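Asks: The numbering of the sequence shown is the working numbering, which starts it at 3 and goes up by one. Ideal placement from N, C-alpha and C gives every residue a C-beta, glycine not left out. Here the structure is a predicted model, which means the values were calculated and not measured.
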Amino acid sequence: MRIVFIFLAFITLSVCLRAQQPNILVIFSDDHTQQTISAYGSKLMQTPNIDRIAKEGALFHNVFVTNSICAPSRAVLLTGKYSHVNGLKDNGPHRYFDPAQQQIQKILSQHTYQTAWIGKWHLQTLPTGFDFWKILPDQGNYFQPDFISMNNDTSRVKGYVTDLISDFSLEWLKNRDTKKPFFLVVGEKATHRNWMPDPSDLPEFENQEFPLPANFFDNYSERQAAAEQDMTISNTMLMYDDLKMGVDYTKRGMFGRMSDDQKAAYKSYYNRAQASFEKIKHDSIEVVKWKYQRYMRDYLATARSMDRNIGRMLNYLDSTGLSKNTIVIYTSDQGFYMGEHGWFDKRFMYEESLRTPYMMKYPGKIKAGSEVDQMVVNIDFAPTLLDFAGVTVPSDMQGKSFRKIVEQKNSDQSWRKAMYYHYYEYPEPHKVAPHLGIRTDRYKLIRFYGAVNKWELYDLQNDPHEMKNIINQPSSKSLMIDLKKQLMQLALYYKDDEGIKIISN
Ligand code: SGN
Ligand code: CA
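(1) Looking only at its own chain, which residues have a Cβ that is under 8 angstroms from the Cβ of Y242, when we skip the five neighbours before and after it?
(2) Leaving out five residues on either side along the sequence, give the residues of the same chain with a beta carbon under 7 angstroms from the beta carbon of S397.
(3) What residue range is occupied by the uninterrupted alpha helix (DSSP H) comprising G121?
(4) Nearest CA to the CA of F30: which residue from N237, D262 and V78?
(5) Is any non-hydrogen atom of ligand 1 found closer than 7 angstroms to the C-beta of H86, if you look at the structure I gave you?
(6) Count the C-beta pairs between the region 275 to 283 and the region 167 to 179 that are closer than 8 angstroms, then say yes if the count reaches three, no if not.
(7) Could you tell me which uninterrupted beta strand (DSSP E) segments, each at least 3 residues in length, are contained entirely in the region 184 to 245, listed from first to last along the chain?
(8) I'd like the span of the alpha helix (DSSP H) that includes H34, first residue to last.
(9) In this structure, does DSSP put I502 in helix, strand or coil?
(10) How far does the alpha helix (DSSP H) with A277 in it extend, from its first residue to its last?
(11) Thinking just about the alpha-carbon of each residue, which of S321, K419 and L125 is nearest to the one in L172?
(12) On a CA-only basis, which of M351, L387 and R296 is nearest V330? Give me that one, please.
(13) According to the Cβ coordinates, are F149 and Q264 closer than 8 angstroms?
(14) Please report the Cβ distance between K122 and D32, rounded to the nearest whole angstrom; I am assuming they are in contact, meaning their Cβ atoms lie under 8 angstroms.
(15) With burial defined as no fewer than 16 other Cβ atoms inside 10 Å of the residue's Cβ, what is the status of A370: buried or exposed?
(16) Is DSSP giving G258 helix, strand or coil here?
(17) Which residues are close to ligand 2, meaning CB closer than 5 angstroms to any heavy atom, in chain order?
(18) Taking the alpha carbon of T156 as the point to measure from, which residue in G142, Y162 and D165 has its own alpha carbon closest?
(19) Between the Cα of F350 and those of K446, W197 and D375, spot the shortest distance and give me the residue it belongs to.
(20) Just the C-alpha distance for S202 and T234, rounded to the nearest angstrom, thanks.
(21) Using the rule of at least 16 other Cβ atoms within 10 Å of the residue's Cβ for burial, across every protein chain shown, is T508 buried or exposed?
(22) Quick check on DSSP: helix, strand or coil for G439?
(23) Counting C-beta neighbours from all protein chains within 10 Å, is the total for I287 16 or more, i.e. buried, or is it exposed?
(24) So if DSSP puts M421 in a beta bridge, which residue, or which two residues, is it bridged to?
(25) Quick one: grab the DSSP three-state call for N25.
(26) Between the alpha carbons of Q415 and L204, how many angstroms are there, rounded?
(27) Run through DSSP, which three-state label would Y496 get?
(28) Under 7 angstroms: does the beta carbon of H124 sit that close to some heavy atom of ligand 1?
(29) So, with DSSP's three-state summary, where would you put K363?
(30) Could you please give me the residues that DSSP links to R357 through a beta bridge?
(31) I need the straight-line Cα distance from K456 to L319, nearest angstrom please.
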């Protein structure tokens with residue numbers, strides 16, 4: 003009798019625990035930056051559905067990535083570890099993500115969760131430890147994209163990538179095992195280069211003019227790595243591939259994949275753009291400004307489709323009553339330059355690409371409209387989700403759960419005051435020299451190495467656009483010594499042996 007009672011009590015307890023486990027939906031976009039999200043105060047466009055997550059939950063103001071590039075950032079999301087520990091330092095092709103290692107989905111599976119990844123994946127090895135996945139090969143395509151399924155079959159699907167990723171995600175949600183909580187990552191392709199909008203989103207921005215960032219015409223003085231990169235709108239951005247001028251739609255490839263209707267819509271739209279180019283093409287300054295406007299319009303239009311599709315997913319959660327017990331997170335693999343320093347792309351430890359958007363809702367647990375100013379790093383994402391799922395965070399994960407912070411239960415005086423960064427990929431595709439660095443709430447110290455051997459120091463309070471490297475000012479000396487010491491402490495703490503050597507040199 004007693005044994006039966008204990009058994010029943012155990013069953014009841016485990017059912018209760020399970021009932022409390024939240025569902026988790028992570029919407030993980032590609033290169034979508036804070037400067038273009040209205041929740042962050044952007045005036046460039048409205049993102050009402052993304053903003054909804056922040057309004058119903060928390061908006062994070064200071065979320066940074068460890069290595070501002072795609073595949074490494076995904077590896078951090080899965081492992082809660084820096085690139086030098088999880089093994090994926092760059093996008094490849096010579097480095098691979100080790101699929102055998104510990105990952106968040108594998109841990110959640112062991113604790114009743116049903117797990118899935120749908121959309122862009124971009125780790126060179128296939129997903130492991132998910133109950134379901136359906137992914138784009140490599141970067142994927144915007145139109146009629148191929149998807150790889152779990153049986154390793156690759157097939158082309160008719161439609162626009164952002165719609166399809168949401169369709170597959172909703173389909174999986176509808177057919178999931180409702181007895182288990184779910185963990186679903188939706189990997190968006192938007193807003194990645196070459197920014198091919200859904201034709202229905204083309205008119206929205208066609209006649210809008212966007213203000214040039216204050217440092218658009220940067221001369222990179224005292225910043226050698228910034229001067230030597232290859233990611234400017236003026237020189238690197240391509241008239242054909244990126245800006246869709248003079249496209250031959252009969253050729254195979256990303257344009258050839260479009261349907262006749264889609265091609266017709268593009269031709270008519272981009273012919274008008276071409277006509278505006280013809281008028282200014284002999285004035286080099288006007289050409290750069292024209293490229294900037296075209297870039298902004300296409301990038302923002304891909305974000306518009308994504309925002310609409312996020313609305314579809316949020317509506318599904320609301321209409322099924324799932325919202326009540328579902329954590330929804332919107333974030334991106336890193337930030338991006340929208341013309342700041344004259345650039346597109348990411349990689350640098352400067353603010354626009356070091357930051358990533360992050361918002362999170364969980365009704366009843368996270369107060370609607372809350373704001374988080376603490377310094378969060380993407381190594382914290384996995385530990386936080388495990389914490390919310392009631393699972394012990396493995397001691398080898400390098401991040402920390404910010405659950406108490408977002409639930410406003412603890413002001414946590416011991417929370418990090420500085421973050422550590424390390425970027426590796428060189429030279430392809432944008433010639434950004436490898437570097438590592440530290441960011442505190444006010445200062446940033448960067449050490450470029452390899453192709454460029456230089457230190458840079460910024461006072462973010464006086465110079466938020468990072469135009470003035472103050473490393474050689476005599477008054478910076480003691481600050482530099484102090485920051486370098488802290489940088490070394492962080493490299494030691496995160497066990498970055500390569501970083502330790504570079505800092506000591
Ligand atoms: C492609 C892009 C680059 C971009 C990388 C990495 N070129 O190579 O501009 O930096 O991806 O992006 S493209 O002409 O092929 O679009 S990441 O988001 O996957 O890291
Ligand atoms: Ca990316």
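Replies: So, from the listed chains and residues:
(1) G248 and V249
(2) none
(3) Taken as a continuous stretch (DSSP letters only), G121 belongs to no alpha helix (DSSP H), being part of the beta strand (DSSP E) at Q116 to K122.
(4) V78
(5) no
(6) no
(7) 184 to 189
(8) Careful: H34 lies outside any alpha helix (DSSP H) and carries neither H nor E.
(9) helix
(10) D262 to I282
(11) S321
(12) L387
(13) no
(14) 6 angstroms
(15) exposed
(16) coil
(17) D32, D33, C72 and D335
(18) G142
(19) K446
(20) 29 angstroms
(21) Look at the range of the chain in this structure, 3 to 507, and you will see that residue 508 is not part of it.
(22) strand
(23) exposed
(24) R441
(25) strand
(26) 48 angstroms
(27) coil
(28) yes
(29) strand
(30) F66
(31) 50 angstroms
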